[in-house]
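Chains as they are written, first to last, in the numbering used here: chain A, 1 to 286; chain B, 287 to 572.
Glycine included, C-beta positions come from ideal geometry on N, C-alpha and C.
Encoded as structure tokens, the structure appears first; notes follow it.
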DNA sequence: GTGCGGCCTCCCGATGCGGGAGGGTCAAGC
DNA sequence: GCTTGACCCTCCCGCATCGGGAGGCCGCAC
């Protein structure tokens with residue numbers, strides 16, 4: 001039987017950490033003295049402690065570590081571990097994307113922005129919609145688009161999406177993806193929706209969506225400085241996407257920022273201030 | 287001038303987060319109404335907000351973000367960013383190592399352990415020593431060994447190190463690296479040290495040091511179950527290391543766990559309990 | 001018996017974000 | 001001019017995981 005200090009030296013886990021793991025039910029000492037509260041560990045617990053150590057190095061949350069240790073079946077255990085490795089991989093991808101985008105941001109290139117204001121008439125489309133949290137948007141989008149693709153036989157235009165303002169302000173909001181078609185079918189989550197007519201300030205984002213928020217910022221800035229009123233959810237139109245070509249540099253995403261009324265692009269001044277609603281659009285990220 | 291909510295929509299940073307960044311002095315609003323406290327941002331602040339956003343995605347701590355933004359010189363800025371990317375890379379390496387080690391740990395292979403008890407006489411060596419924190423050990427080791435190599439002309443044996451118990455229990459402790467030589471020179475941090483005679487339970491760790499703590503655990507377990515007394519800092523001897531071959535699988539590191547007195551390896555029982563000091567060794571980690 | 005190191009519990013801080021309470025402000029519409 | 005509802009304010013708390021430190025009991029050697 002080993003006192004906590006000795007066990008600490010054997011496992012390279014600090015005494016405090018071992019106590020925490022005991023409290024959390026993660027690694028119970030082989031024996032606890034009822035009167036003194038002293039924890040005593042057995043040498044057989046060293047491997048378990050080392051597995052915990054490794055999992056913590058991978059930032060596996062303590063409850064998940066517990067789940068992994070509790071699952072007696074090596075198969076289930078392997079699955080849980082694999083899940084975490086996959087999560088790590090996804091995080092790595094995000095890191096890579098952020099690094100690339102940061103480099104682009106810090107390179108001081110003006111990157112002139114083409115913005116066009118365009119009236120879009122009301123259209124009836126096949127759509128899938130839901131309230132979604134920001135982190136889930138990507139996964140939700142993939143599923144919804146796949147379902148649309150499976151159901152819509154004769155699309156009459158490129159797909160698009162509408163993204164609620166709240167999505168970014170609050171981290172969750174209403175999202176709708178659609179595909180134009182002559183006779184929208186009704187099947188599963190797919191149903192007909194009539195998108196209202198709007199005027200949109202439109203620009204095109206080129207390449208991956210990793211730094212589409214930068215384009216959003218530039219477009220928003222254009223809208224603000226040109227004193228155009230704004231309202232309603234932002235619209236994206238996927239002119240060229242992964243479904244069309246695997247080459248990210250060829251991707252084209254149109255971003256449409258609703259504008260309430262149009263004004264000639266004059267320098268802003270006291271006379272140029274317009275009456276406008278209090279809300280303005282946001283967008284999905286990444 | 288944009289209210290905080292509009293700015294939030296333009297930058298994809300939540301309102302709360304923007305307020306925090308203001309409090310932290312990271313992103314000051316262009317104007318703050320003195321009577322109402324309302325924050326107003328300018329469209330020119332969008333790029334700064336986006337850079338902050340990217341840096342935070344890379345887990346750059348807020349004070350560091352501030353330092354990066356405050357440095358007006360693009361060169362210094364690039365250096366700070368590069369430092370962080372390097373840190374990310376190092377973390378990635380650690381993750382990779384932990385994954386590999388975890389796989390090895392979960393594969394249930396008994397891996398028989400060769401342990402030998404050996405009397406080591408007192409020796410005078412050229413040494414570098416210091417109190418070091420656990421996280422710094424690797425970097426400190428590299429520097430100390432380089433200095434030793436530069437100064438010791440005619441080594442009479444392979445290099446080694448002594449690692450205080452406290453290093454793992456408290457996260458910092460005394461560390462000494464040495465190279466045996468006939469006449470230890472005195473230069474910079476290098477000086478002569480006489481290592482005391484000890485008896486060591488010795489085993490050899492094969493391969494990279496990523497999971498050397500597992501070997502420590504196995505050796506410690508052997509020491510405990512064979513009822514040997516222990517005391518003093520643990521010793522490592524670098525039989526074959528990166529200086530000898532780039533092939534990690536060929537590396538050999540001897541781990542010596544001090545034993546106070548030897549007993550025949552009998553099953554433990556009431557009669558086999560020995561008198562021994564209260565302290566036992568730890569080791570450097572990673 | 002005394003001293004000291006080991007062990008105990010309990011509280012607090014750091015980090016960066018979100019939730020929620022409680023209350024003031026702004027502008028549209030009557 | 002007043003109501004209404006969205007918007008903004010501050011302040012407090014919780015989250016996860018770790019470390020620091022206080023205050024006190026316990027065990028063992030001398």
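The Cβ atoms of residue 127 of chain A and residue 177 of chain A sit closer than 8 Å to each other. Judged by beta-carbon spacing, residue 332 of chain B lies within the 8 Å limit of residue 221 of chain A, meaning their Cβ atoms are closer than that value. In chain order, 295 make up the part of chain B whose C-beta sits under 7 Å from the C-beta of residue 165 of chain A. Around the beta-carbon of residue 159 of chain A, 16 or more other beta-carbon atoms lie within 10 Å, marking it buried.
Assigned with DSSP and collapsed to three states, residue 200 of chain A falls in strand. For residue 544 of chain B, the beta-bridge partners assigned by DSSP are B:486.
In this structure, the beta-carbon distance from residue 503 of chain B to residue 203 of chain A does not fall below 8 Å. Residues of chain A with a Cβ closer than 7 Å to the Cβ of residue 455 of chain B are, in chain order, 5, 8, 9, 14, 15. Taken atom to atom, the span from the alpha-carbon of residue 39 of chain A to that of residue 520 of chain B is near 25 Å.
For residue 502 of chain B, the three-state secondary structure derived from DSSP is helix. With fewer than 16 other Cβ atoms from the protein chains shown falling within 10 Å of its own Cβ, residue 206 of chain A counts as exposed. DSSP lists A:163 as the beta-bridge partner residues of residue 234 of chain A.
In the DSSP secondary-structure assignment, residue 462 of chain B is bridged to B:415, B:448. Counting only runs that start and end inside the segment 33-81 of chain A, the alpha helix (DSSP H) elements of at least 4 residues fall at 46-57, 62-70.
Rounded to whole angstroms, the gap between the alpha carbons of residue 497 of chain B and residue 287 of chain B is 56 Å.
When DSSP states are grouped into helix, strand and coil, residue 371 of chain B belongs to the helix group. Contact with chain A is found for residue 384 of chain B, since one of that chain's Cβ atoms lies less than 8 Å from the residue's Cβ. Nearest CB-CB separation between residue 94 of chain A and chain B: below the 8 Å threshold.
Here residue 114 of chain A has 203, 204 as same chain residues with Cβ atoms under 8 Å from its own Cβ, once five neighbours each way along the sequence are excluded.
Legend: CB atoms of the segment 309-342 of chain B lying less than 8 Å from CB atoms of chain A belong to residues 329, 332, 333, 335, 336, 337, 339, 340, 341.
Counting only the Cα atoms, residue 213 of chain A lies some 16 Å from residue 248 of chain A. Nearest neighbour of residue 322 of chain B by Cα position, chosen from B:289, B:354, B:293, B:356, turns out to be B:289. For residue 221 of chain A, the nearest CB of chain B lies under 8 Å from its own CB, placing it at the interface with that chain. Listed along chain B, no residue sits closer than 9 Å to residue 188 of chain A by beta-carbon distance, the nearest being about 31 Å off.
With a threshold of 16 other beta carbon atoms within 10 Å, residue 487 of chain B meets it and is buried. Cβ proximity to chain B below 8 Å picks out nothing from the segment 131-159 of chain A. When Cβ-Cβ separations below 8 Å define contact, residue 203 of chain A makes no contact with chain B. Leaving aside the five residues that flank residue 417 of chain B on each side, the residues in its chain whose CB is nearer than 6 Å to its CB run, in chain order, 460. Scanning chain B for C-beta atoms nearer than 8 Å to the C-beta of residue 101 of chain A yields 340, reported in chain order. Under the 10 Å beta carbon count, residue 335 of chain B is surrounded by 16 or more other beta carbons and is classified as buried. By the rule that beta-carbons nearer than 8 Å mark a contact, residue 225 of chain A touches chain B. Residues of chain B with a Cβ closer than 9 Å to the Cβ of residue 58 of chain A are, in chain order, 381, 384, 385, 388.
For residue 527 of chain B, not one C-beta of chain A is nearer than 8 Å to its own C-beta. For residue 441 of chain B, the closest of B:456, B:422, B:469, B:420 by C-alpha to C-alpha distance is B:469.
Residue 500 of chain B has a beta carbon lying within less than 8 Å of a beta carbon in chain A.
In this structure the segment 134-148 of chain A does not lie against the segment 71-91 of chain A, because fewer than three pairs of beta carbons, one per stretch, are closer than 8 Å.
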